[in-house]
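Numbering of the sequence shown is given in full-length UniProt numbering, commencing with residue 1 and proceeding in unit increments.
All C-beta atoms, glycine included, are put in the ideal place defined by N, C-alpha and C.
Please read the structure below before turning to the comments.
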Amino acid sequence: MAQGEDSIHKYDREDPFGKVLRRERGCETGETRIKRLREERNAVQISKAIDVALNQQERDTGDKIKHDVRMLLLGASGSGKSTFCKQVRMLYESLAVTSERNAWKHVVHGNIFSNVSSLLEFLDRHNPSSSNTTMNTFKGENPEVRLEEHDDDLARLKGELHAMLQTFLATFSRKGPEDPDQRPNPLMDWIFLHGGELYVRPGWQDALLGLSNRATNDITGSDQDHQQDLLQSHRQEPNTFVITSAQKIMALWEHQIVQEIVRAHAPFLQYAPGFFLDDMERISSDRYSPSHEDILRCRSRTIGIEETTVTRHTAPRNSKLVLYDRLKVWPRYFEDLHAIVYLFDLSCFDELEGKKNRMVTAIDDFSAVCRNHELRKANIIVLFTKVDLLQRKLESGIKIRDHITYGTARANDVKVAKSYFEEQIRAKFEAAIIECLRAGSQRARERQLRVCTANLLDTADARRAIRDAESSAAGKPLARWRTVLEREDVAWKEQAEKMEPLSR
């Protein structure tokens, strides 16, 4: 081989394998040499082609990721995060949601038994049977309702439903979400009751549909005993309990004494998420299939990490919309995060979580999100939810100022309340911007905040909110979204100091 020949077999005398290679060079004929060089050239061409393909794939993947929208969905329990995710799936994957209706039937019926359990506990707290007197007086919508201590009909209904409920709980509850080994029923791997709440695991829809299919398929051999266990568990599933106890549940809920107690002590009970006692006759039918409205109204708490990903076929390059529902478990995605969707339940101003007002807690949590260093590049869209329930509470005479700092000069109506809560939110957002600017981050001025209202149970309104959130995540230059950041830091500080804190 010539000294200048371009070959992978080049060597020098310092090479420890040089002696062997020099021997082989003397044995190479002209024909084998030509063949070897041709194979080497082909190998180089193949290697270059692979590099080109990998680079193109990397560019295509990067281009696709640019069109994907990643949003972090935050908010207190009951603010509507799950409903928002359901609406996203109904918008982009309506056929998939429709195919899961049989799985959602388990959740609807689980909600009913959660309703019954909560109602029985509620009656035990407020029913006069707990007192020593033979009569008790409750003031509801009627001037006075005298309730006898021992109402035989009500006592019978409560006793029968309590017994049936205990049977159900023995099969479909567990000691707690941290107890993964206690699974007397296959459904408990995916859906179960604990502490009056219905819990589900990510992927439960496909799992429950799979259980239903397995329970109806013919099998042979060693799987037969297991199949019988599955069939037996499905005979005892929540559907059967709802059908067999429907009349008793309706009788309890419609009982005059129960209605008077509810009106006196929990007038907004029927507006709570996952409350289906008003729909028992329809839901207890053998042919019942959950409607989209039923699916939206369902309440369940997710155990573990959940990611909702949908393909937006109408968007450029079939891009994806990815929702992450927890702040602490998704740090690796923060660099590519486009927007934060923060949901505020406006009707929770009169509710407590522990000893702290839920609205005060929500505002404080929002402030922490605004100051989070890893989230500083993400735009924020705030959705005010449950405005209809806020209006019902205010019209019933409940005063906002009786529960949080509101001021005596402000009117007790929805419009003023929304404006007040928006002022509080913008003050927290702008205070976080000031901190970033003082730390030397001039890009903080580019961060956007939008505050709007959305009825997530109304499909048209929810879809508008979803489109708005996507636009915010895409960074479209919508001037009305952009917070005015041209004011001096001192002016911002003065404005923030004028805001009243929510807590008393």
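8 Å contact criterion, which residue i and residue j should meet: CB distance rounded
i	j	result
Val-382	Phe-344	6 Å
Asp-456	Thr-83	It should be noted that the sequence gives Leu, not Asp, for residue 456. With 8 Å as the limit, Leu-456 and Thr-83 qualify as a contact, their Cβ atoms being about 4 Å apart.
Ile-114	Leu-193	Looking at the sequence provided, one finds Ser at residue 114 rather than Ile. Ser-114 to Leu-193, Cβ: 6 Å. Contact.
Val-341	Ile-283	Not quite, the Cβ-Cβ distance comes to about 31 Å (not below 8 Å), so this is no contact.
Ala-469	Ala-339	6 Å
His-255	Leu-154	6 Å
Ser-291	Val-200	Not a contact, Cβ separation roughly 19 Å.
Arg-371	Ala-432	5 Å
Val-116	Leu-165	6 Å
Asp-89	Thr-308	For the record, residue 89 in the displayed sequence is Arg; it is not Asp. That belief holds up - the Cβ atoms of Arg-89 and Thr-308 are roughly 7 Å apart, short of 8 Å.
Leu-449	Ile-380	5 Å
Phe-268	Arg-392	6 Å
Asp-151	Ile-257	6 Å
Identity of the residues DSSP links to residue i by a beta bridge
i	result
Tyr-288	Note: Tyr-288 sits in no beta bridge, so no partner.
Val-341	Leu-73 and Ile-381
Cys-452	Leu-383
Pro-249	Going by the sequence as given, residue 249 is Ile instead of Pro. The partner list for Ile-249 (beta bridge, DSSP) is empty, contrary to what the question assumes.
Arg-301	Tyr-199
Glu-353	Lys-356
Contacting residues, own chain, Cβ-Cβ under 7 Å from residue i (five flanking each side not counted)
i	result
Thr-32	none
Asn-412	Leu-394, Lys-399 and Ile-400
Ser-79	Leu-343, Phe-344, Asp-345 and Thr-385
Glu-281	Met-250
Glu-178	Confidence at Glu-178 is low in this model, with a pLDDT of 47, below 50, so the placement of that residue is unreliable and no value is reported for it.
Gly-110	Ile-191, Leu-193, Leu-198 and Pro-238
Cutoff 8 Å; reference residue i; Cβ partners in own chain excluding five residues on either side
i	result
Gln-205	Glu-100, Ala-103 and Trp-104
His-162	Leu-120
Ala-96	Arg-89
Arg-286	Rather than Arg, the amino acid found at residue 286 in this sequence is Asp. Closer than 8 Å at the Cβ level, and outside the excluded window around Asp-286, lie Ile-243.
Phe-47	Here the sequence assigns Ser to residue 47, which means Phe is not the residue at that position. Nothing meets the Cβ criterion.
6 Å Cβ shell around residue i - same chain, five flanking residues per side excluded
i	result
Pro-180	For Pro-180, the predicted structure reports a pLDDT of 46, less than 50, and the residue's modelled location is therefore unreliable. The matter cannot be settled from this model.
Ala-378	Leu-337, Ala-339 and Ile-340
Leu-209	Ala-103
Ala-473	Val-69, Met-71, His-338 and Ala-339
Ala-207	Trp-190
Ala-76	Ala-362
Ala-444	Ile-433, Cys-436 and Leu-437
Gln-45	none
is_contact[residue i, chain D] using C-beta, thresh 8 Å
i	result
Gln-57	In the structure shown, chain D does not exist; there is a single protein chain.
Every unbroken alpha helix (DSSP H) inside the stretch 405-448 [4 residues or more]: 414-438
The stretch 110-125 in contact with the stretch 150-170 per 3-pair CB rule at 8 Å: A contact exists between the stretch 110-125 and the stretch 150-170.
Stretch pair the stretch 258-278 + the stretch 430-445: three plus CB contacts closer than 8 Å: no
Contiguous alpha helix (DSSP H) assignments of at least 4 residues, all confined to the stretch 264-288: 280-283
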